[in-house]
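Student:
Pasting the structure below:
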């Protein structure tokens, strides 16, 4: 049977971080109750449309899913498990340390949650303040301990790279904090100042590190995590053995997925579509067609984000044709600078190449 990933967007937050441009609104109990009820109806409806496929991963992202509280999260998870056919699924819930204080992780674990993604961002109080985060280092520690005690097998933690004033020492301390508190997976994202966010209008005053400083921190992070037993499998993602995010790997390998909720995107049956960024669009079941997906250029673009890179054999099995030689010619231009490797197996970016991934991928595709 065909498989796909199921993404459920929870668009509530207790406040907007000044660097975040994801779609979210301030939490209210009434809105959350209404949203949860409609999401369960949507799940039942969509399950009937795709009842011949198996859900291999369920991911509740946001926003801040943990603001819903235990009971609403359980309603959504039970609804998905009741209506969709699942086989040993990976079930992930994104959690913020501030809103996780009242979460019953044991109940979530019994409902099938086997992966928690915890938004730590930093284990340095000054860096947390710069990022506008409301939680403390102690909040993050207590949340991690609760998740581990409940039996959550894969605890993932997010860190932010390139925070104003961040040093190798503070970055290493944040990594050490994650490892000491049970992280089996670490995602580390470079801070980007997106247009329209509060920090976009303050970026000249923030004291952001330059590209060379960011690159130094990134390469140090990669080296240190490897020393600590974490394997890099994607530009920003590192894990212990067999603890990779199956849900995100499905994206990067051009697999199918269904997204539910405002701003959620989907790729099913060769087509891409999405729900606009509004509650009304979600409640009215509006879906916008975004054209065909899964073409060879998209496949190459996503595969080159992975440490395993683009594997020629996998491409040829998927598209039933030899890998086009023009892409190999384009890639070979970057081998002398050690930005990528191009051999008989495929094309893989180096860690140095990951820092220039956007321009390198464009170069491989279009010369």
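In my numbering, the protein residues as written are 238 to 604.
Glycine included, every Cβ here is placed at the ideal spot set by N, Cα and C.
With a threshold of 8 Å on Cβ separation, who are the neighbours of residue 518 within its own chain once the five nearest residues in sequence on each side are excluded?
Tutor: 499, 512
Student: Rounded to whole angstroms, what is the Cα-Cα separation between residue 588 and residue 362?
Tutor: 29 Å
Student: Look at the Cβ atom of residue 400, then the Cβ atom of residue 428, and state whether they are nearer than 8 Å.
Tutor: yes
Student: Under the assumption that residue 425 contacts residue 473 (Cβ atoms under 8 Å), give the Cβ distance between them as a whole number of angstroms.
Tutor: 6 Å
Student: Using the C-alpha atoms, what's the distance from residue 549 back to residue 602?
Tutor: Their backbone Cα atoms lie some 15 Å apart in a straight line.
Student: Of the choices 381, 468, 497, whose alpha-carbon is the least far from that of residue 352?
Tutor: 381
Student: For a test of the three-state rule: what should DSSP assign to residue 302, helix, strand or coil?
Tutor: helix
Student: Count Cβ pairs between the region 264–273 and the region 317–328 that sit closer than 8 Å; are there 3 or more?
Tutor: no
Student: DSSP on residue 279, reduced to helix/strand/coil?
Tutor: The three-state reading of DSSP puts residue 279 in helix, counting H, G and I together.
Student: Would residue 372 pass as a contact of residue 335 if the rule is Cβ separation under 8 Å?
Tutor: yes
Student: Please determine, among 580, 572, 581, the residue with the shortest C-alpha to C-alpha distance to residue 600.
Tutor: 572
Student: Less than 8 Å between C-beta atoms, sequence neighbours within five positions excluded: which residues of the same chain meet that for residue 258?
Tutor: Closer than 8 Å at Cβ, skipping near neighbours: 431, 432, 433, 434.
Student: Are the region 329–345 and the region 379–393 touching, with three or more C-beta to C-beta distances below 8 Å?
Tutor: yes
Student: Could you tell me the boundaries of the alpha helix (DSSP H) in which residue 407 lies?
Tutor: 405–417
Student: Just how far apart, CA to CA, sit residue 393 and residue 423?
Tutor: 5 Å
Student: My output table needs one value for residue 486: the three-state DSSP class, helix, strand or coil.
Tutor: helix
Student: Please state if the CB of residue 484 and the CB of residue 294 are separated by a distance shorter than 8 Å.
Tutor: yes
Student: Quick check on the DSSP output: the beta strand (DSSP E) that includes residue 567 runs from which residue to which?
Tutor: Taken as a continuous stretch (DSSP letters only), residue 567 belongs to no beta strand (DSSP E), being part of the alpha helix (DSSP H) at 562–569.
Student: What number of angstroms, rounded off, separates the C-alpha of residue 504 from the C-alpha of residue 482?
Tutor: 18 Å
Student: Determine whether the beta carbon atoms of residue 528 and residue 491 lie at a separation below 8 Å.
Tutor: no
Student: So the candidates are 274, 277, 302; which of them puts its Cα closest to the Cα of residue 261?
Tutor: 302
Student: What does the alpha-carbon distance come out to for the pair residue 242 and residue 292?
Tutor: The straight-line gap from Cα to Cα measures roughly 6 Å.
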